[in-house]
Structures are given as C-alpha cells and as structure tokens.
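Engineer: Reading the sequence shown from the start, the letters are residues -21 to -1, 1 to 140 in mature numbering (1 follows the signal peptide of the UniProt record, and there is no 0).
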Amino acid sequence: MQIRIVMVVVVALGAFVAACGEDDGGSPRTAATPQDALTRLTGYIADDKGKEACALMITAVREKFGPENDVKDCETAVSSLSSQVTDKKAYREMVPSGLEVDGDTAEVSGYCGDGWTNADGSRSKLKFDPNDLGTLTLRKDDGGWVISDYTGQKHYSSCGG
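1. Helix, strand or coil for VAL40 per DSSP?
2. For the stretch 57 to 75 against the stretch 86 to 106, are there 3 or more C-beta pairs whose distance is under 8 Å?
3. Looking only at its own chain, which residues have a Cβ that is under 7 Å from the Cβ of ALA32, when we skip the five neighbours before and after it?
4. I'd like the list of long-range same chain contacts for GLU79, defined as Cβ closer than 8 Å, with 5 residues on each side in sequence excluded.
5. Between TRP124 and LEU35, what straight-line distance do the alpha-carbon atoms span, to the nearest angstrom?
6. Starting from ASP15, follow the alpha helix (DSSP H) in both directions and report where the run begins and ends.
7. So the alpha helix (DSSP H) LYS30 belongs to, where does it begin and stop?
8. TYR129 bridges to which residues according to DSSP?
9. Roughly how many whole angstroms lie between the Cα atoms of CYS91 and ASN97?
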C-alpha cells in the first residue's frame, strides 16, 4: 500500500513539473494567475535570472523582448534591465495594480506609471520600476497563464502630451 502511494506521488509530481514548461526555449512556463506570472517576471528581472524570466514568455515574445529593449535577445534584455534596478527588494515587491483581465487574456501597461504600484497602492519612487518595462499581455492556455505579447516602453509617447 505504501509503495503504491509513493508511486502515485512520484507520478503526480512528474506531471506537475512537466506542466510547468521548460526553461530551454521550449514551451513557456505557466503560472496559476496573471498576477503570479507578472510578479515572477519582475522577481526574475530583479535577480538577473534571464533564463527563468524568458521561460514565462511564448517564443514570439522571447524573440522580440531583446530588440524591444535595444539588445540582441531576451536573456540579455533581462540582464540589461536588472542592471537598472537599484532597489531589488522594492522592485520585486511592486504589484501589477493596473492589470486588466478579460476572460482568458490580461494586460498591464506601465504607460504614465499607471500599471504597477507599491503593495500599499502608492506610486513608486524608484528611478526604474516595472512600469518602465512597457506593456505585457498574457493569455491563459491549458496549463496556465503565459506572456503572449510585449511592447517595450520606447513606443510610448510622453504622458499627457
């Protein structure tokens, strides 16, 4: 009986790990909620974990994340963005308060600093925060939420003008 329980646990754990996706540029890792995907992304950026950050994105987004941030590829973009984060703890703790969810799609835009706030709802005082990433679009697939589109901040016009 105990062996059977152990085997069930091992099989279930294997299925869970397989559902999480790959970090090697294959299927994206999914998250239970769009908020989870976004906070994982900002945590990975703060910690300069390009492989993990890029694994949250579908292939098309990984391919354009670098050029949208004026570098060659996704992992280099994460490293470049991470180097701009002066307070990693504060950056990691910001929340996507401007996240708009509509069924199986979601989007947060940092345009004019309105997409991300501190956990208490106040605006960030950081020189570089997740609002500077641009617009992130997510979609819910069978396995969970993935980053399905991205527009870098360089496409924004000035706020209010």
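Yeah, the Cβ is synthetic: ideal placement off N, Cα and C, and Gly gets one too.
Structural biologist: In this structure, then:
1. Indexing the sequence shown from 1 puts residue 40 at position 61. VAL40 falls in the helix class under three-state DSSP.
2. yes
3. Sequence index remark: in the sequence shown, residue 32 carries index 53 (1-based). The answer, listed in chain order, is LEU20, TYR23, ILE24, VAL57.
4. Numbered from 1 along the sequence shown, position 100 holds the residue referred to as residue 79. Excluding positions up to five away in sequence, the list reads ALA85, GLU86, VAL87.
5. Position 145 of the sequence shown holds residue 124. Position 56 of the sequence shown holds residue 35. Between TRP124 and LEU35, the C-alpha separation is close to 9 Å.
6. Locating residue 15 in the sequence shown gives position 36, where the first residue counts as 1. Note, ASP15: alpha helix (DSSP H), 13 to 25.
7. Here residue 30 corresponds to residue number 51 of the sequence shown, with the count starting at 1. From DSSP, the alpha helix (DSSP H) with LYS30 extends over 29 to 33.
8. Counted from its first residue, the sequence shown places residue 129 at position 150. Looking at the DSSP assignment, TYR129 forms a beta bridge with LEU115.
9. Residue mapping note: residue 91 aligns to position 112 of the sequence shown, counting from 1. Residue mapping note: residue 97 aligns to position 118 of the sequence shown, counting from 1. Going by the C-alpha atoms only, they are around 15 Å apart.
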